[in-house]
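For the sequence shown, this note's numbering gives the first residue as 172, with consecutive numbering after it.
The beta carbon of each residue, even a glycine, is placed where N, CA and C say it ideally should be.
Note that the structure is a prediction, hence the values are computed from the model and not measured.
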Amino acid sequence: MTFKNFKKIWDQKREILSSNPDKHSVSVKVDSQLVEGFMSRVQARDFEIVVDQNKGMGGTNQAPRPSEYVLAALAACQEVTYRLYADALDIPLEDVSVS
Numbered sequence: 172m173t174f175k176n177f178k179k180i181w182d183q184k185r186e187i188l189s190s191n192p193d194k195h196s197v198s199v200k201v202d203s204q205l206v207e208g209f210m211s212r213v214q215a216r217d218f219e220i221v222v223d224q225n226k227g228m229g230g231t232n233q234a235p236r237p238s239e240y241v242l243a244a245l246a247a248c249q250e251v252t253y254r255l256y257a258d259a260l261d262i263p264l265e266d267v268s269v270s
């Protein structure tokens with residue numbers, strides 16, 4: 172997706188929300204099930220996410236820990252925020268990385 176496409180999507184979403192106040196709320200849902208030891212399988216939309224603990228914490232280290240998913244989500248949200256603001260302000264942005 173190119174720089175201008177993000178701006179177009181952003182502008183369309185803003186227009187929809189401005190003209191339809193009833194569409195301001197967003198619902199996000201996941202279902203999680205502990206399957207064995209500290210391992211869980213989480214369903215988010217059409218995606219399955221496996222969560223585990225490292226061996227030092229009693230897990231099998233077969234998937235990221237819950238805290239690592241939280242950090243990944245925060246980092247990705249920050250990157251998207253940079254992208255949206257850069258596009259809204261017509262600032263060229265070639266790369267974003269959050270550590």
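- Ranked by how close their Cα comes to the Cα of glutamine 214, the residues Val206, Lys200, Glu265 and Ile262 have Lys200 in first place.
- Judged by DSSP in its simplified three-state form, alanine 215 adopts strand.
- Between proline 235 and alanine 243, the CB-CB gap stays under 9 Å.
- Straight through space, the alpha carbons of tryptophan 181 and tyrosine 256 are spaced by roughly 10 Å.
- If only complete runs of 3 or more residues are kept, the segment 180-261 shows the beta strand (DSSP E) at 201-207, 210-215 and 218-222, in order along the chain.
- Judged by their CB atoms, serine 203 and arginine 216 are not nearer to each other than the 9 Å cut-off.
- Taking C-beta separations shorter than 7 Å and ignoring five residues to either side along the sequence, the partners of valine 267 in its chain run Glu250, Tyr253 and Arg254, following chain order.
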